[in-house]
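Some notes on the structure that comes next.
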Amino acid sequence: MSAHATTEHAYVPGEIAKPNTGWIWKTFWVLVVITAVEFAIAFAMTSPDLRTFRNSIFIVLTILKAFFIVGEFMHLKHETKSLIWTILIPTSLLVWLVVALVTEGSSIGETLSHMFS
Amino acid sequence: MAHSTTLEPTAAATPYSDAPRTGTWDGGNEPFKASYGKLMMWFFLLSDAFTFGAFLTAYGMIRHKHGVFTGTADKFFFSTAHWPIPEKVFNGFPGLHGLDLPLAFVALMTMILIFSSVTMVLAVEAGHRMDKADVQKWLLWTILFGAMFLSSQAWEWSHFIGGDEKGTLMADGSRMFGANLAANQYGPPLFADLFFFITGFHGTHVFSGVCLLVWCFIATTNGTFEKRGHYEMVEKIGLYWHFVDLVWVFVFTFFYLV
Numbered sequence: 001m002s003a004h005a006t007t008e009h010a011y012v013p014g015e016i017a018k019p020n021t022g023w024i025w026k027t028f029w030v031l032v033v034i035t036a037v038e039f040a041i042a043f044a045m046t047s048p049d050l051r052t053f054r055n056s057i058f059i060v061l062t063i064l065k066a067f068f069i070v071g072e073f074m075h076l077k078h079e080t081k082s083l084i085w086t087i088l089i090p091t092s093l094l095v096w097l098v099v100a101l102v103t104e105g106s107s108i109g110e111t112l113s114h115m116f117s
Numbered sequence: 118m119a120h121s122t123t124l125e126p127t128a129a130a131t132p133y134s135d136a137p138r139t140g141t142w143d144g145g146n147e148p149f150k151a152s153y154g155k156l157m158m159w160f161f162l163l164s165d166a167f168t169f170g171a172f173l174t175a176y177g178m179i180r181h182k183h184g185v186f187t188g189t190a191d192k193f194f195f196s197t198a199h200w201p202i203p204e205k206v207f208n209g210f211p212g213l214h215g216l217d218l219p220l221a222f223v224a225l226m227t228m229i230l231i232f233s234s235v236t237m238v239l240a241v242e243a244g245h246r247m248d249k250a251d252v253q254k255w256l257l258w259t260i261l262f263g264a265m266f267l268s269s270q271a272w273e274w275s276h277f278i279g280g281d282e283k284g285t286l287m288a289d290g291s292r293m294f295g296a297n298l299a300a301n302q303y304g305p306p307l308f309a310d311l312f313f314f315i316t317g318f319h320g321t322h323v324f325s326g327v328c329l330l331v332w333c334f335i336a337t338t339n340g341t342f343e344k345r346g347h348y349e350m351v352e353k354i355g356l357y358w359h360f361v362d363l364v365w366v367f368v369f370t371f372f373y374l375v
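Residue numbers (our numbering), protein chains in the order written: chain X, 1 to 117; chain R, 118 to 375.
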């Protein structure tokens, strides 16, 4: 290795490419719209009978937001398939865990409230 | 001897030949086509997802173990018998004392964090073009938004701990204002405990993210990444920052919306 090892630059020094940011702002607006929809539903759907349905919508929209943040901002959509699956499979198991234990919690609450009746 | 006993390279390498293996998983390359640092950051984030997943799962289970207020929103009152409705607890706004603005401040906090994610991606994109000035600019914006989020969360905590003027009458006859780890005016003790624990853990992650970003800005300014020839460090810290935003999206949904 010579004392003056030079590195090859892909660009001419001093010349910087123009920003390619269209997709970034597009994703931003998608996230803003989804959040706005969540708030609209939070304030419009207040009936206690629709609670479970309302909460399911929130969870679906949140997972949708997660797909955009992880897929675009964190660039996972453009990585190799094996990396995508390495991340997605364990997190989908986590989603199952949350659903299972929320149901468990409801069941425990039910049992406790009927314990001494 | 007609047949040689020493190994000779053959055209078709057998599993036990000296020819080096060149499969994807045989070493010497990047199986996931990502650098070591980037891959390890992804694995760390996966482990952190398990940590926060565990917290939110515990929250879900504990919350659903408690009673639910069954009346309409206007008849709601604070009680340890049922979990509070978030709109009734988180309705303050800094500087607008006394106004009932349900979830307004937390909506602002969510927008601040999403903005910070956008500026972070812009910094990464600038790094791909080796545009040092733009990297510095977008890193500074991200640090600013991150600091704004932390200050907002600090205000939320102090407002939550301080409580309102009415307070809640407790079982022993005393009137409770605000919250601590043993009791709170909004509902069951675990409501405040879980609020502090989960938002506290998230806030700690935001704080460490801001520290990393500050270091990254200093390194960028010093020309460390120019010399290195790539801004991959910005990308790796960016992954951590987006993860922090992602966790907030989930915490926000579970605590404030559901």
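Where a beta carbon is used, it is the ideal one built from N, C-alpha and C, also for glycine.
Notebook entry, point to check: Can you list, in chain order, the stretches of the beta strand (DSSP E) that have 3 or more residues and sit fully within the segment 189-217 of chain R?
Noted result: none
Note to self: Once DSSP output is grouped into helix, strand and coil, what is the label at A288 (chain R)?
What the structure shows: In the second sequence, residue 288 (chain R) corresponds to position 171, counting from 1. Three-state DSSP puts A288 (chain R) in coil, outside helix and strand.
Notebook entry, point to check: Would D135 (chain R) count as contacting chain X if we go by Cβ distances under 9 Å?
Noted result: Start at 1 with the first residue of the second sequence, and residue 135 (chain R) comes out as number 18. So no, D135 (chain R) is outside the interface.
Check: Between the Cα of V351 (chain R) and the Cα atoms of R:F207, R:I260, R:I229 and R:D281, which residue gives the shortest distance?
Finding: Within the second sequence, residue 351 (chain R) is the residue found at index 234, counting from 1. It is R:I260.
Next item on the list: Determine which residues of the segment 224-238 of chain R have a Cβ less than 7 Å from any Cβ of chain X, and write them out in chain order.
Entry: A224, T227, I231, S234, V235 and V238
Check: In chain order, what residues of the same chain lie with their CB nearer than 7 Å to the CB of L257 (chain R), ignoring the 5 residues before and after it?
Finding: Here residue 257 (chain R) refers to the residue found at position 140 when the second sequence is read from its first residue. Excluding residues within five positions, the ones whose Cβ falls inside 7 Å are F334.
Next item on the list: Could you have a look at A296 (chain R) and say whether DSSP puts it in helix, strand or coil?
Entry: Locating residue 296 (chain R) in the second sequence gives position 179, counting from the first residue. In this structure, A296 (chain R) counts as strand in the three-state DSSP scheme.
Item checked: F116 (chain X) at chain R interface by Cβ criterion, 9 Å -> For the purposes of this step, residue 116 (chain X) is identified with residue 116 of the first sequence, where counting begins at 1. Output row for F116 (chain X): interface = no.
Check: Got a sec? Which residues, its chain only, sit under 7 Å from K65 (chain X) by beta carbon, not counting five neighbours each side?
Finding: Walking along the first sequence from the start, residue 65 (chain X) turns up at place 65. L31 and I34, listed in sequence order.
Next item on the list: Using beta-carbon positions only, say whether Y348 (chain R) and V238 (chain R) come within less than 9 Å of one another.
Entry: Locating residue 348 (chain R) in the second sequence gives position 231, where the first residue counts as 1. Locating residue 238 (chain R) in the second sequence gives position 121, where the first residue counts as 1. Their beta carbons are not under 9 Å apart, which means Y348 (chain R) does not touch V238 (chain R) by this criterion.
Check: Grouping DSSP H, G and I as helix and E and B as strand, with all else coil, what is A5 (chain X)?
Finding: Your numbering for residue 5 (chain X) matches position 5 in the first sequence. Per-residue confidence for A5 (chain X) stands at a pLDDT of 42, beneath the threshold of 50, marking its modelled position as unreliable; the derived number appears in the next sentence. DSSP places A5 (chain X) in coil when its eight states are reduced to three.
Check: Relative to the alpha-carbon of L97 (chain X), which residue among R:F186, R:M247 and R:F167 has its alpha-carbon at the smallest distance?
Finding: One-based indexing of the first sequence puts residue 97 (chain X) at position 97. Minimum Cα distance to L97 (chain X) is reached at R:F167.
Check: Using a Cβ-Cβ distance under 9 Å, would P219 (chain R) count as near chain X?
Finding: The residue labelled residue 219 (chain R) in the question sits at position 102 within the second sequence. For P219 (chain R), the answer is yes, since a Cβ of chain X falls inside 9 Å of its Cβ.
Margin query: Between the segment 103-116 of chain X and the segment 178-198 of chain R, can you find at least three pairs of beta-carbon atoms closer than 8 Å?
Written below: yes
Next item on the list: State buried or exposed for M158 (chain R), treating a residue as buried only when at least 16 other CB atoms are found within 10 Å of its CB.
Entry: As a working note, residue 158 (chain R) is residue 41 in the second sequence. Label assigned to M158 (chain R): buried.
Next item on the list: Can you tell me which of the three DSSP states V375 (chain R) falls into?
Entry: Taking the second sequence and counting its residues from 1, the one referred to as residue 375 (chain R) is at position 258. DSSP places V375 (chain R) in coil when its eight states are reduced to three.
Check: Where does N55 (chain X) sit, in a helix, a strand or coil, going by DSSP?
Finding: Position 55 of the first sequence, counted from the first residue, corresponds to residue 55 (chain X). Here N55 (chain X) sits in helix by DSSP.
Margin query: What does the alpha-carbon distance come out to for the pair G326 (chain R) and W358 (chain R)?
Written below: Taking the first residue of the second sequence as 1, we reach residue 326 (chain R) at position 209. Taking the first residue of the second sequence as 1, we reach residue 358 (chain R) at position 241. Spanning the two alpha carbons is a distance of roughly 6 Å.
Checklist line | 8 Å Cβ cut-off: residues of chain R touching I89 (chain X) | finding: Counting from one through the first sequence, the residue named residue 89 (chain X) turns up at place 89. Here the premise fails: no neighbours, minimum Cβ distance about 10 Å.
Note to self: Residues of the segment 73-98 of chain X in Cβ contact with chain R at a cutoff of 7 Å, in chain order, please.
What the structure shows: F73, M74, E79, T80, S82, L83, I87, P90, T91, L94, L97 and V98
Next item on the list: Compare the C-alpha of T174 (chain R) against each of X:T111, X:F68 and X:A100 and name the closest.
Entry: Along the second sequence, one-based indexing puts residue 174 (chain R) at 57. Of X:T111, X:F68 and X:A100, the residue nearest in Cα terms is X:A100.
Check: Counting contacts by CB-CB distance shorter than 9 Å, is G170 (chain R) in contact with chain X?
Finding: On the second sequence, residue 170 (chain R) is found 53 positions in, with the first residue counted as 1. Yes, G170 (chain R) counts as interfacial toward chain X.
Check: Going along the chain, which residues of its own chain have a beta-carbon closer than 7 Å to the beta-carbon of P201 (chain R), five neighbours each way excluded?
Finding: Taking the first residue of the second sequence as 1, we reach residue 201 (chain R) at position 84. Once the five neighbours on either side are set aside, the close Cβ partners of P201 (chain R) are F195, Y303, G304 and F308.
Notebook entry, point to check: Does K205 (chain R) get closer than 9 Å to chain X when you measure Cβ to Cβ?
Noted result: Translated into the one-based positions of the second sequence, residue 205 (chain R) becomes position 88. So, not an interface residue.
Next item on the list: Whole angstroms is fine: what's the gap from D143 (chain R)'s alpha carbon to L93 (chain X)'s?
Entry: By one-based count along the second sequence, residue 143 (chain R) stands at place 26. By one-based count along the first sequence, residue 93 (chain X) stands at place 93. Roughly 29 Å between the two C-alpha positions.
Check: For L112 (chain R) and chain X, any beta-carbon pair shorter than 9 Å?
Finding: No answer is possible for residue 112 (chain R): the residues shown for chain R start at 118 and end at 375.
Check: Within this structure, are the beta carbons of G295 (chain R) and G279 (chain R) separated by less than 9 Å?
Finding: Numbered from 1 along the second sequence, position 178 holds the residue referred to as residue 295 (chain R). Numbered from 1 along the second sequence, position 162 holds the residue referred to as residue 279 (chain R). In contact: G295 (chain R) and G279 (chain R) (Cβ atoms closer than 9 Å).
Notebook entry, point to check: So which residues of chain X does A151 (chain R) contact, with C-beta pairs closer than 7 Å?
Noted result: Numbered from 1 along the second sequence, position 34 holds the residue referred to as residue 151 (chain R). The contacting residues are E79 and L83.
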